Structures are given as C-alpha cells and as structure tokens.
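Reviewing the structure listed below.
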Amino acid sequence: MASLSFSVKDVPPEGTRVACVVGKEDLQLDESDPGIQDVLALTATIQAGETDFLVEGELNGLLLHECVRCLETFASPSDLSFRAVYQDSGRRRSKEVEAAPGDSRAEETDSHLVVEQRIELQEMLREQLILSIPMQPLCSEGCQGLCQVCGQNLNVQWCGCKEVKTESPFAILQAAFKQSRKPLA
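Under the numbering used here, think of the first position of the sequence shown as 12, with each following residue one higher.
Right under this line is the structure:
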C-alpha cells in the first residue's frame, strides 16, 4: 500500500518528488467507482509556499469501464494530470502559487486543506479519477451493441433476428402537427 499522506515538516522549501504505485485500496474506491487494472503509477511534486503547498502530477495506468452499448468490460489508458493547492484554513495563498487574473491555470487548480499538519492526497486523487471517467464509455466507436430482441452481443456474432422498428416517442406530436396543418373544408 502506498502512503498518500505527507507531513508538511517533511517537505523542504525546494519541494519534494513523489513516485509510487497506487491500487484500488489506496484510493479507497468502491464497487461503483471506476475499476483499475492492476495498479496506477503516481508521479507528483509537492512545492512549499509561504503558507501553502502546490501539488502537481500525473496518474497513469489502465482503467476498467463498462461499455454503454454492449455492456462488456474493457480497459482504456488513463493519463490523468492534476494540480491542487493545500493550505491552512484562514491563511492567504502565497504569491508563488497564485495565478494571474485571466490565467487558465487558476480555474484548473483544486483547493484542499492541510489537516493536522498533513497533506492527504488520497481523497483528491480519488476525486480526480472519478471525474476523468467519460459519461458514456464505449469499447470502440464502431460498437454494435446488443440485439433488441434476443440480447446477443452483436460485436461477437449476428443473431439473425429481424430488425425491430421502434416508433419515435414524438410520433404522436408529429401526427397532431400534420392534422393541424390540413386545410379546413
């Protein structure tokens, strides 16, 4: 298990580099959270400011998704970059970490609190990983999905079922619109 907790006393003014592997247990991922194939590689730097700490890095590895069309599990590479500021509550940010007005990096920086003189990366990394998951993951752009009749995965084998013609949910409105467009006799 990787340690994702760092004492602020152990971070020198020039900063420190972190390189380790993290697993599902390290990030405390639930069954509903994204799956990980093996482990993820974490590389990060922690830089000390006057009253806060800037953490920048990457989380790389393979994530497991369920395809929304065929429901098969597939792995896809994840190269997640992150940037976060850890600060003591009630204190101002240092000039080294503050971004200039209009700088897009200011919007990309998450803010977290230093708790009991410790920088805890676990929750921030978990959030970043969950937010990186696509809304509708597809195993491939050409995924055929499942047969509407028998449920056969059409990427594996065609089932021979006749195509089901489904009526648009707006068909009633379309019929009413056509009816209202007829000239009155």
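Even glycine gets a Cβ: it sits at the ideal position worked out from N, Cα and C.
Quantities reported herein were computed from a predicted structural model and do not represent experimental measurements.
Rounded Cβ spacing between residue i and residue j (contact assumed at less than 8 Å)
| i | j | result |
| --- | --- | --- |
| residue 15 | residue 32 | Contact flag wrong, Cβ pair sits at about 11 Å. |
| residue 38 | residue 133 | 6 Å |
| residue 70 | residue 85 | No, residue 70 and residue 85 are not in contact; Cβ-Cβ is about 19 Å, not under 8 Å. |
Span of the alpha helix (DSSP H), counted from its first residue to its last, around residue i
| i | result |
| --- | --- |
| residue 134 | 133 to 142 |
Residue span of the beta strand (DSSP E) that contains residue i, given as start and end
| i | result |
| --- | --- |
| residue 58 | 46 to 59 |
| residue 62 | First-last for residue 62: undefined, no H or E at that position. |
| residue 90 | 84 to 98 |
| residue 177 | Unbroken run through residue 177: none, as it is neither H nor E. |
| residue 16 | 16 to 18 |
| residue 28 | 27 to 33 |
Assigned secondary structure, residue i (DSSP; H/G/I helix, E/B strand, else coil)
| i | result |
| --- | --- |
| residue 184 | helix |
| residue 121 | strand |
| residue 129 | strand |
| residue 192 | helix |
Closest by C-alpha distance to residue i, when choosing among the options
| i | options | result |
| --- | --- | --- |
| residue 121 | 96, 42, 35 | 96 |
| residue 58 | 35, 24, 149 | 24 |
| residue 22 | 65, 41, 40 | 65 |
| residue 173 | 158, 35, 181, 186 | 158 |
| residue 155 | 138, 170, 182 | 170 |
| residue 73 | 189, 143, 26 | 143 |
contact_flag[the region 43 to 62, the region 153 to 168] where n(CB pairs < 8 Å) is 3 or more:
no
Could you tell me whether the region 76 to 88 touches the region 51 to 62, using the rule of 3 or more Cβ pairs below 8 Å?
no
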